[in-house]
Amino acid sequence: MEELFLLSFSIPLIGGLVLFKLDGKRADYFMLITVIVSTLLNILGVYEFCFSGMKTVHETLLTSGTFGEVYGILLDPMSVCVGLVVSTAGLLFMLYSIDYMSPNNREHPVGEGKGRFYAWMVLFIGATLAFVYSSSVLQLLIFFELMSLACWGVVGYYGSKKAKRSAYKAFIVTNFGAMVGLYTAVGVGLIHLHNLSLFAYSSLDSHLKLIVFLAVMIAAFTKSAQFPFYSWLPDAMVAPTPASAFLHGAAMVEMGVFLLARFIQFMQPIPKEGFYALASLIIATQIICILMYPLQRGAKRLLAYSTIAESGLMYVALAIAVLGMQSGLQASVFQLFNHAYIKGLAFLTAGTFSYALGTLEMDRIRGLLKSPVVGYGWTFALLGLAGVPPFGVFFGKLGILSNANAMRESVLVVIMFALLLLDSAVFLMVSLKRIHSMVFSEGDEKVEITPLMKAVMVILLVLAIIAPYIAYPLVVKVGW
Amino acid sequence: MFDTTLTFSLDRISVLFALNVAILGIAALIGSVRYVKIYTFRLKIPYYPTLITFIVAMFLIPAVHDWLSFLFLWEIMTLASYFLIIYDWPEENVKRAGWKYFATMHLFDTSPLMLAVTIYYASAGTFDFGPIQAYKTAVVALFLLGFATKAGLFPLHFWLPDAHPAAPSPVSALMSGAMVELGVYGSIRVLEAVNWSVPAWITWLIGAMAVLSMLAAILSYPHQNDVKRLFAWSTIDNIGWMYLFILAGLLGVTGVEKGVSYYVLAHGLAKGAAFLTTGALIYVFGTKDLEKMKGMINADQTTAGLLIASIFALEGVPPFNLFLNKLNVIKALFQANEWLALFTAVEWVIAFIIFLRIIHAYVISNGKPEVRRKLPVSIAFAVVILLILSLASQLISNYVWARW
Numbered sequence: 080m081e082e083l084f085l086l087s088f089s090i091p092l093i094g095g096l097v098l099f100k101l102d103g104k105r106a107d108y109f110m111l112i113t114v115i116v117s118t119l120l121n122i123l124g125v126y127e128f129c130f131s132g133m134k135t136v137h138e139t140l141l142t143s144g145t146f147g148e149v150y151g152i153l154l155d156p157m158s159v160c161v162g163l164v165v166s167t168a169g170l171l172f173m174l175y176s177i178d179y180m181s182p183n184n185r186e187h188p189v190g191e192g193k194g195r196f197y198a199w200m201v202l203f204i205g206a207t208l209a210f211v212y213s214s215s216v217l218q219l220l221i222f223f224e225l226m227s228l229a230c231w232g233v234v235g236y237y238g239s240k241k242a243k244r245s246a247y248k249a250f251i252v253t254n255f256g257a258m259v260g261l262y263t264a265v266g267v268g269l270i271h272l273h274n275l276s277l278f279a280y281s282s283l284d285s286h287l288k289l290i291v292f293l294a295v296m297i298a299a300f301t302k303s304a305q306f307p308f309y310s311w312l313p314d315a316m317v318a319p320t321p322a323s324a325f326l327h328g329a330a331m332v333e334m335g336v337f338l339l340a341r342f343i344q345f346m347q348p349i350p351k352e353g354f355y356a357l358a359s360l361i362i363a364t365q366i367i368c369i370l371m372y373p374l375q376r377g378a379k380r381l382l383a384y385s386t387i388a389e390s391g392l393m394y395v396a397l398a399i400a401v402l403g404m405q406s407g408l409q410a411s412v413f414q415l416f417n418h419a420y421i422k423g424l425a426f427l428t429a430g431t432f433s434y435a436l437g438t439l440e441m442d443r444i445r446g447l448l449k450s451p452v453v454g455y456g457w458t459f460a461l462l463g464l465a466g467v468p469p470f471g472v473f474f475g476k477l478g479i480l481s482n483a484n485a486m487r488e489s490v491l492v493v494i495m496f497a498l499l500l501l502d503s504a505v506f507l508m509v510s511l512k513r514i515h516s517m518v519f520s521e522g523d524e525k526v527e528i529t530p531l532m533k534a535v536m537v538i539l540l541v542l543a544i545i546a547p548y549i550a551y552p553l554v555v556k557v558g559w
Numbered sequence: 559m560f561d562t563t564l565t566f567s568l569d570r571i572s573v574l575f576a577l578n579v580a581i582l583g584i585a586a587l588i589g590s591v592r593y594v595k596i597y598t599f600r601l602k603i604p605y606y607p608t609l610i611t612f613i614v615a616m617f618l619i620p621a622v623h624d625w626l627s628f629l630f631l632w633e634i635m636t637l638a639s640y641f642l643i644i645y646d647w648p649e650e651n652v653k654r655a656g657w658k659y660f661a662t663m664h665l666f667d668t669s670p671l672m673l674a675v676t677i678y679y680a681s682a683g684t685f686d687f688g689p690i691q692a693y694k695t696a697v698v699a700l701f702l703l704g705f706a707t708k709a710g711l712f713p714l715h716f717w718l719p720d721a722h723p724a725a726p727s728p729v730s731a732l733m734s735g736a737m738v739e740l741g742v743y744g745s746i747r748v749l750e751a752v753n754w755s756v757p758a759w760i761t762w763l764i765g766a767m768a769v770l771s772m773l774a775a776i777l778s779y780p781h782q783n784d785v786k787r788l789f790a791w792s793t794i795d796n797i798g799w800m801y802l803f804i805l806a807g808l809l810g811v812t813g814v815e816k817g818v819s820y821y822v823l824a825h826g827l828a829k830g831a832a833f834l835t836t837g838a839l840i841y842v843f844g845t846k847d848l849e850k851m852k853g854m855i856n857a858d859q860t861t862a863g864l865l866i867a868s869i870f871a872l873e874g875v876p877p878f879n880l881f882l883n884k885l886n887v888i889k890a891l892f893q894a895n896e897w898l899a900l901f902t903a904v905e906w907v908i909a910f911i912i913f914l915r916i917i918h919a920y921v922i923s924n925g926k927p928e929v930r931r932k933l934p935v936s937i938a939f940a941v942v943i944l945l946i947l948s949l950a951s952q953l954i955s956n957y958v959w960a961r962w
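Protein chains in written order, with the working numbering: chain A, 80 to 559; chain B, 559 to 962.
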């Protein structure tokens, strides 16, 4: 079973490098084979994992005298669950990008150089999966940086001045996070533990735990674009849309959450100061998002703020986990899983605007109902993100709120919960206005997209509805 | 994380609510067949799938016994009703009403309910219905806030007179006759979970909101030109009556659940008939504006007759059974507080006089509005069935209650 997971990230890591040399149809086929094989292996692995009783599997692949465990693979319900969403969402976004990255795209026609985009994306998928199954802190650091690199590659892909600047911004901010956070964690591991295995970190004393926790929190916040490191994410919107979908839905942003969740899982109990730091920054993030929604004109920028808020909710759940409640950790992973597909759908729908209409300005888009898949895709994606059932985010939010006992621990939890509800209400109000003007209105232009793009969007919509039922059996096993 | 058992069963209270949904649902489906033909624009929201989702969600709500499924179905109901309200989307004000409805629901209905349900879950350890013990006041207050918003109790009624006229008439019939009543159903379930004992401020707040709903309705009736707005205000009025009935229960009167369930069925049938009749008016005269329908009896006697009959049914004129139920509310209130009983009785009379004047002013007056289309048999049939049933609702309720 371990080999399946090992292959599922090695294949894209190697395939990605080859793709730099390919272009055109050959790149399409090579990319497809790489991603499909990787996803199938992953799903097979998940299947085996579930039927072997979901026991944690930890295999050390490389150890050294001074560093302890350097390289290993760690399969537990959390990593398997997150890996599944990365793998499946990645495949769907790549399928969509075959047609999206074409000369027919009105905003960004792409003739040559598709291979380079595929290469960065496939590397991105590989690095993310490798990150998820890491068992040592050094591994986390390496793949964290590799993800930042791949992110730089896709954000700067179109090569305009703005794209390059945004790419460097994304790279520098997350790299700063890695320097502060993961280097500290590795340093502490080296000096105090002589072991880099995640398992070793539970034996730190509480003072060092707090330092590691706060450092990793900063690293996680840079990745997840939480206050005060959030501004790179709306700028990174210059990336090709399938890449944005991956960045927001399943990879980059969520990996920040996963990183912190891993450290909470292995270092608990964490001193309460950690909770206060985490909670107050998340409250600031939530307030910023609530204020920013109504101001957004661009479809992708609106979604960017929604991502910041939704991942903020995953941190709300993590803050509860820091207080010592295992169900907080579960709620965080649950929200991550439920959010991925619907956010992917939202981005891919926004992608159809630039593909067929050549604009992302929401004020200029009208009459989407003429193309029902796009019109209803956009409607349901926005409503689903606001937490309206039958879409998964509803259950994700309910899962976070079901830790209501934490409200007794600190008033900050009460504030976070209240902001959670206010956030979804404000997002719904803004979204409804947009739905009414963009979807249910008269317009002359029809959004023409290819059958493959339509199919991917429909699959994402279905997954967004059934996500909670897939994730639930795995999520309830998450814990320390 | 979500410990719950999904069971479907109906007890004596929920069976009457479910029956109400079922009857109105069938009537609305029959009434829709010809009615939707008036919408001539292209690109419609799929009407029947949304309507059936709406009906099924409402039918299942009284049947479940855990808050998780309850909330899920509740939200499906809200979502479906939103899409039905904006069905006529080329009209700008329809979209505005839809926005107001959904935004209000999310803020004042969904949010408090989610919080209440999760606080209950955190202490009870399960979503299944059961006594509310921890944080009783907070949980009950949040639940009642959510349900009062759905029910359209003053001052949370503001979405209602906009949403009902916006929706297609068969949908208005369902929303007014069945959906808002589920707010009452939820309130009863929550109050049962605390054995009808709540802090005094909640009791009197409910009383004040109910009385103000009725007063607001009385004051608004004379200013309505839109026949659907008129009936929407009548819903706010009747919700006030139902909550006063609940208030009587909180003040110690027993058997309130039974009385309210009976009231809901009687009112639902009459209100369904009334809104389907407005559908007939729109179909026949092509307008909702009462001014333009002056003297309708000279133009189409059947439609005018149905309108008069529906108004009588709605205002509790015997032999329509809402009469018995209104009487029952007053009787229950007499046991609790005479002044409230007196107020209700006076309100009843005033409302009746206002509606009588409306009949005189618009139905049997001079003038002859132009008949655009002939009244379809399907709409007339649906209205007549509901009117006949509202002559026998007490009988039906008694039959079900005694044998369930």
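For glycine and all other residues, C-beta sits at the position ideal for the given N, C-alpha and C. Nothing here was measured: the structure is a model prediction, and the numbers come from that model.
So the beta strand (DSSP E) His137 of chain A belongs to, where does it begin and stop?
Residue 137 of chain A sits at position 58 when you count from the first residue of the first sequence. Where His137 of chain A is concerned, the enclosing beta strand (DSSP E) stretches over 136 to 143.
Chain A contact residues for Thr539 of chain B, given Cβ-Cβ distances below 7 Å
No answer is possible for residue 539 of chain B: the residues shown for chain B start at 559 and end at 962.
Return the first residue and the last residue of the beta strand (DSSP E) that Leu154 of chain A is part of.
Within the first sequence, numbered from 1, the residue matching residue 154 of chain A stands at position 75. Run containing Leu154 of chain A: 147 to 154, per the beta strand (DSSP E) assignment.
Closer than 7 Å at the beta carbon, the chain A residues around Leu665 of chain B
Stepping through the second sequence from its first residue, residue 665 of chain B is reached at position 107. Chain A residues near Leu665 of chain B: Ala504.
Are the stretch 389 to 398 of chain A and the stretch 408 to 422 of chain A touching, with three or more C-beta to C-beta distances below 8 Å?
yes
According to DSSP, Ser213 of chain A sits in a beta bridge with which residue or residues?
Within the first sequence, residue 213 of chain A is the residue found at index 134, counting from 1. Answer by DSSP bridge pairing, in chain order: A:Ile152.
Is there at least one Cβ from chain A nearer than 8 Å to Phe612 of chain B's Cβ?
The residue given as residue 612 of chain B occupies position 54 in the second sequence. Chain A, which has no Cβ nearer than 8 Å to the Cβ of Phe612 of chain B, makes this no.
Is Gly735 of chain B helix, strand or coil when you go by DSSP?
In the second sequence, residue 735 of chain B corresponds to position 177, counting from 1. Three-state DSSP puts Gly735 of chain B in a helix.
Please confirm if Phe404 of chain A has its CB atom under 8 Å from at least one CB of chain B.
Position 325 of the first sequence, counted from the first residue, corresponds to residue 404 of chain A. It is worth fixing the name first, because residue 404 of chain A is Met in this sequence and not Phe. So no, Met404 of chain A is outside the interface.
Which runs of the alpha helix (DSSP H), 4 residues or longer, sit entirely within the stretch 365 to 428 of chain A?
378 to 401
Determine which residues share a DSSP beta bridge with Asp847 of chain B and list them.
The sequence position of residue 847 of chain B within the second sequence is 289, counting from 1. Per DSSP, B:Asp784.
In three-state terms, what does DSSP make of Phe566 of chain B?
As a working mapping, residue 566 of chain B is identified with position 8 in the second sequence. Strand at Phe566 of chain B.
Whose C-alpha, out of A:Leu339, A:Gly235, A:Gly260, is nearest the C-alpha of Leu397 of chain A?
Numbered from 1 along the first sequence, position 318 holds the residue referred to as residue 397 of chain A. That would be A:Leu339, whose Cα lies nearest to the Cα of Leu397 of chain A.
Residue range of the alpha helix (DSSP H) that includes Thr684 of chain B:
By one-based count along the second sequence, residue 684 of chain B stands at place 126. Careful: Thr684 of chain B lies outside any alpha helix (DSSP H) and carries neither H nor E.
Counting only Cβ-Cβ distances shorter than 8 Å, please list the residues of the stretch 380 to 396 of chain A near chain B, keeping chain order.
none
Nonlocal neighbours in the same chain, by C-beta distance under 6 Å from Gly704 of chain B, ignoring five residues either side:
Locating residue 704 of chain B in the second sequence gives position 146, where the first residue counts as 1. Result list for Gly704 of chain B: Asp667, Pro670, Leu671, in chain order.
Is there a C-beta anywhere in chain A that falls below 8 Å from the one on Phe712 of chain B?
Sequence index remark: in the second sequence, residue 712 of chain B carries index 154 (1-based). Not closer than 8 Å to any Cβ of chain A, the Cβ of Phe712 of chain B fails to qualify, so no.
At 4 residues or longer, what runs of the alpha helix (DSSP H) sit wholly inside the stretch 191 to 258 of chain A?
193 to 211, 216 to 234, 240 to 256
Quick one: what's Val697 of chain B bridged to in DSSP?
As a working mapping, residue 697 of chain B is identified with position 139 in the second sequence. According to DSSP, which records beta bridges pairwise, Val697 of chain B is partnered with nothing at all.
Take every Cβ of the stretch 109 to 119 of chain A, pair it with every Cβ of the stretch 153 to 172 of chain A, and state whether three or more of those distances are shorter than 8 Å.
yes
Give the interface partners of Leu839 of chain B over in chain A, defined as CB-CB distance under 9 Å, in chain order.
Residue mapping note: residue 839 of chain B aligns to position 281 of the second sequence, counting from 1. Per Cβ cutoff of 9 Å: no residues; Leu839 of chain B is ~26 Å from chain A at best.
Does the beta carbon of Pro468 of chain A sit closer than 8 Å to a beta carbon anywhere in chain B?
For this step, residue 468 of chain A is matched to residue 389 along the first sequence. Cβ-Cβ to chain B under 8 Å: yes for Pro468 of chain A.
Please state whether DSSP places Asp624 of chain B in a helix, a strand or coil.
In the second sequence, the residue the question calls residue 624 of chain B occupies position 66. In this structure, Asp624 of chain B counts as strand in the three-state DSSP scheme.
Give the interface partners of Phe660 of chain B over in chain A, defined as CB-CB distance under 8 Å, in chain order.
Locating residue 660 of chain B in the second sequence gives position 102, counting from the first residue. Ordered by position in chain A, the residues that pass the 8 Å Cβ test against Phe660 of chain B are Leu507, Leu511.
Distance cutoff 8 Å, beta carbons only. Does Gln375 of chain A sit that close to anything in chain B?
Here residue 375 of chain A refers to the residue found at position 296 when the first sequence is read from its first residue. Chain B contact via Cβ: absent.
Should Leu462 of chain A go down as buried or exposed, given a rule of 16 or more other Cβ atoms within 10 Å for buried?
Translated into the one-based positions of the first sequence, residue 462 of chain A becomes position 383. Buried, since its Cβ has 16 or more Cβ neighbours within 10 Å.
Pairs of beta-carbons, one from the stretch 650 to 665 of chain B and one from the stretch 713 to 723 of chain B, closer than 8 Å: are there three or more?
yes
Between which two residues does the alpha helix (DSSP H) containing Trp897 of chain B stretch?
For the purposes of this step, residue 897 of chain B is taken as the residue at position 339 of the second sequence. Taken as a continuous stretch (DSSP letters only), the alpha helix (DSSP H) holding Trp897 of chain B covers 896 to 916.
How many angstroms separate the CA atom of Glu650 of chain B from the CA atom of Leu665 of chain B?
Here residue 650 of chain B refers to the residue found at position 92 of the second sequence. Here residue 665 of chain B refers to the residue found at position 107 of the second sequence. Looking at the two C-alpha atoms, the distance is approximately 23 Å.
How many Å lie between Thr836 of chain B and Val555 of chain A at the Cα?
Translated into positions along the second sequence, residue 836 of chain B becomes position 278. Translated into positions along the first sequence, residue 555 of chain A becomes position 476. In a straight line, the C-alpha of Thr836 of chain B is about 52 Å away from that of Val555 of chain A.
Once you ignore the five residues that flank Asp858 of chain B on each side, which residues in its own chain have a CB closer than 6 Å to its CB?
Position 300 of the second sequence, counted from the first residue, corresponds to residue 858 of chain B. The residues are Val842, Val929.
Compare the C-alpha of Thr135 of chain A against each of A:Leu119, A:Ser143, A:Tyr126, A:Val159 and name the closest.
For the purposes of this step, residue 135 of chain A is identified with residue 56 of the first sequence, where counting begins at 1. Checked all of A:Leu119, A:Ser143, A:Tyr126, A:Val159; the closest Cα to Thr135 of chain A is A:Val159.
Checking the sheet assignment: what are the DSSP bridge partners for Ser276 of chain A?
As a first step, residue 276 of chain A must be located in the first sequence, where it is residue number 197. In the DSSP output, where bridge partners are listed per residue, Ser276 of chain A has A:Ser215.
Quick one: list the residues of chain A neighbouring Ile644 of chain B, beta-carbon separation under 7 Å, in chain order.
Working through the second sequence from its first residue, we reach residue 644 of chain B at position 86. Neighbours of Ile644 of chain B on chain A, chain order: Phe519.
Please list, in chain order, all residues of the same chain as Gly522 of chain A whose beta carbon is under 8 Å from its beta carbon, the five residues on each side excluded.
Taking the first residue of the first sequence as position 1, residue 522 of chain A is located at position 443. Hits under 8 Å: Ile444, Arg445, Gly446, Leu447, Lys449.
Contact list for Leu447 of chain A against chain B, beta-carbon separation under 8 Å:
One-based indexing of the first sequence puts residue 447 of chain A at position 368. The premise fails here: Leu447 of chain A is roughly 10 Å from chain B at the closest Cβ pair, so nothing lies under 8 Å.
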